[in-house]
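Novice: In this note's numbering, the protein residues as written are 4 to 348. Cβ coordinates follow ideal geometry from the N, Cα and C atoms, glycine included.
(1) So residue 160 packs on residue 121, CB below 8 angstroms; how close in whole Å?
(2) Which word fits residue 294, buried or exposed, when buried means at least 16 other C-beta atoms lie within 10 angstroms of its C-beta?
(3) Look at the alpha carbon of residue 81 and the alpha carbon of residue 71, and state the distance between them as a whole number of angstroms.
(4) Which residues in the same chain have their Cβ closer than 7 angstroms to the Cβ of residue 226, if we skip the five residues on either side of it in sequence?
(5) Which residue or residues does DSSP assign as beta-bridge partners of residue 82?
(6) Just the Cα atoms here: how many angstroms apart are residue 69 and residue 188?
(7) Counting Cβ pairs closer than 8 angstroms, one from the region 149–156 and one from the region 174–190, do we hit at least three?
(8) Hey, is the region 48–66 in contact with the region 78–93, meaning 3+ C-beta pairs nearer than 8 angstroms?
(9) Quick one: is residue 185 buried, meaning 16 or more other Cβ sit within 10 Å of its Cβ, or exposed?
(10) What residues match up with residue 245 in a beta bridge as DSSP calls it?
(11) Using the C-alpha atoms, what's the distance from residue 162 back to residue 252?
(12) Counting contacts by CB-CB distance shorter than 7 angstroms, is residue 285 in contact with chain B?
(13) Going by DSSP, what residue range makes up the beta strand (DSSP E) through residue 73?
(14) By alpha-carbon positions, which one of 266, 146, 178 and 198 ends up nearest to residue 336?
(15) CA-CA distance, residue 123 and residue 98?
(16) Please classify residue 21: is it buried, with 16 or more other beta-carbons within 10 angstroms of its beta-carbon, or exposed?
(17) What do you get for residue 53, buried or exposed, if any count of 16 or more other CB atoms within 10 angstroms of its CB means buried?
(18) Which residue comes first and which comes last in the beta strand (DSSP E) that contains residue 334?
(19) Under the rule that 16 or more other beta-carbon atoms within 10 Å means buried, what is residue 165, buried or exposed?
(20) Take residue 200 as the anchor and find which of 214, 215 and 180 has the nearest alpha-carbon.
(21) For the 8 angstroms Cβ check, are there 3 or more pairs between the region 217–225 and the region 280–300?
(22) Using DSSP with H/G/I as helix, E/B as strand and the rest coil, what is residue 169?
(23) Which residue marks the beginning of the beta strand (DSSP E) containing residue 229, and which one marks its end?
(24) Report the three-state DSSP secondary structure of residue 151 (helix, strand or coil).
(25) Locate the beta strand (DSSP E) running through residue 108, then write down its first and last residues.
(26) What would DSSP say about residue 15, mapped onto helix, strand or coil?
(27) Which two residues bound the contiguous alpha helix (DSSP H) that contains residue 354?
(28) Are the region 231–251 and the region 314–329 in contact at 8 angstroms, needing three or more beta carbon pairs?
(29) How many Å lie between residue 299 and residue 208 at the Cα?
(30) Going along the chain, which residues of its own chain have a beta-carbon closer than 6 angstroms to the beta-carbon of residue 142, five neighbours each way excluded?
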C-alpha cells in the first residue's frame, strides 16, 4: 500500500523530530491551568503521531476520526500532535520507530510490519469486518503478538466494505489467463498475486502511473477502490477488474511504553473510542466506495466484472498467495488466523 510520496527524510525533518524527542518519548506532558489556586493542575499527555501517507489520503480517514473523537472526549487529558508522513520518517521504518518510541501513535498498514511479524498481514488478508474480528478473537491474537514482538499496542483497524485493492487495466479480462504476459504496476502487497496470474509486476512511483498508462509502458496498475479519480488516472484507464481482492485495512497502533503511562480508565476510554471509530469508518467507507464508483464511471472507466466462477477463482488465488507467505513464516498462528478470518458466507 502506498500513496503519493513526499520527498525522502531531510536533514531538517530529522532535526525537527530530534528536537521533539529531547523532551522525552511519549508521555510528554503539558500543564492545564486550573480554575482554583488550591487544586492540583492536570497534566495533559501529548502523543506524537505519524502516518505513512499524506493527510488527505483516504486511507487515513479513520485516523482523523479517532483524533477528533479523542479531542472531544479526552481533550483535557490527551492531545494528539501530528508530526507528518514520509517527510518525517520513511514508511518502511515507521513500525520500528514506533516500537522504539520515536513517536507515540501511528495509523499504519499491517504489511509494513510483516518482516518481523508475518501475521500482521492479517489486516488486509482477513475477510471479516473489524467488529467480527473482535468477536472471533482475531483482534486478541494480533494485540498479544504486537505487544510481545514489537512493543506496540494494537488498538484496532479501520476498513470498509468494498474498500479493497483492485487491478486497473487498459485491456478487458474474462479469464485469468488474460493477464499472462501483461505488465502491471504493483505495490508489494499485490506482487504475489500478479506473479501468480502470469503477469510481470513493475515497481513504479504513483506519480509515474499516468504517463506509464498513457504511453502503454504498463498494461495496468494496482490501487485501492478509492483514489483513482483524485489521482487523475481515470483519464488513462479503461477498466477496473472486479471483484477486489484484499481489504485496505489500516491499524491504529501505539507505543507500549506510551500506552502504559495512561491509567486503566483512560486506556478503556481509548479502546471504547476505537471501537466506535471502527463501526463509523466501516459505514463511511461503504459510501465513499459508491461515490468513487460513480465518479470513476463518469470519467469513462468501465467496471469489468468477472463471472462468478472466475471471480471466486481470482479472489481465492489472491488469498492463497497471501496466506502462503504468512504460514511459511509462522505456521501455527498463520493457519489459525487464516481459518478464523475466512468468509463463512
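Specialist: Working from what's here:
(1) About 17 angstroms separates the two Cβ atoms, so there is no contact after all.
(2) The residue in question, residue 294, is exposed, as its Cβ has fewer than 16 Cβ neighbours within 10 Å.
(3) About 11 angstroms.
(4) So the list reads 169 and 171, once near-sequence residues are dropped.
(5) Residue 82 pairs with 49.
(6) The alpha-carbon atoms of residue 69 and residue 188 are separated by roughly 32 angstroms.
(7) The region 149–156 vs the region 174–190: no contact.
(8) The region 48–66 is in contact with the region 78–93.
(9) Result: buried.
(10) Residue 245 pairs with 308.
(11) Their backbone Cα atoms lie some 5 angstroms apart in a straight line.
(12) The chain inventory of the structure shown lacks chain B, comprising one protein chain alone.
(13) Premise fails: residue 73 lies in the alpha helix (DSSP H), 64–77, not in any beta strand (DSSP E).
(14) Ranking the options by Cα distance to residue 336, first place goes to 146.
(15) Rounded to whole angstroms, the separation of the alpha carbons of residue 98 and residue 123 is 11 angstroms.
(16) Caution applies to residue 21, whose pLDDT of 40 falls short of 50 and renders its modelled position unreliable; the value that the coordinates give is listed next. It is exposed - the Cβ of residue 21 has fewer than 16 other Cβ atoms within 10 Å.
(17) Under this definition residue 53 is a buried residue.
(18) Where residue 334 is concerned, there is no enclosing beta strand (DSSP E), although the alpha helix (DSSP H) it sits in stretches over 334–343.
(19) With 16 or more neighbouring CB atoms inside 10 Å of its own CB, residue 165 falls in the buried class.
(20) Checked all of 214, 215 and 180; the closest Cα to residue 200 is 180.
(21) No, because fewer than three Cβ pairs between the region 217–225 and the region 280–300 fall closer than 8 angstroms, the two stretches do not touch.
(22) Strand, per DSSP.
(23) In the DSSP assignment, residue 229 falls outside any beta strand (DSSP E), carrying neither H nor E.
(24) Residue 151: helix per DSSP, three-state reduction.
(25) Residue range 108–112 is occupied by the beta strand (DSSP E) that includes residue 108.
(26) Its pLDDT being 38, under 50, residue 15 is placed unreliably by the model, and the measurement read from it follows with that caveat. Residue 15: helix per DSSP, three-state reduction.
(27) A query on residue 354 cannot be resolved here, the shown segment of the chain reaching from 4 to 348 and no further.
(28) The region 231–251 vs the region 314–329: in contact.
(29) Rounded to whole angstroms, residue 299 to residue 208 spans 21 angstroms at the Cα level.
(30) 136, listed in sequence order.
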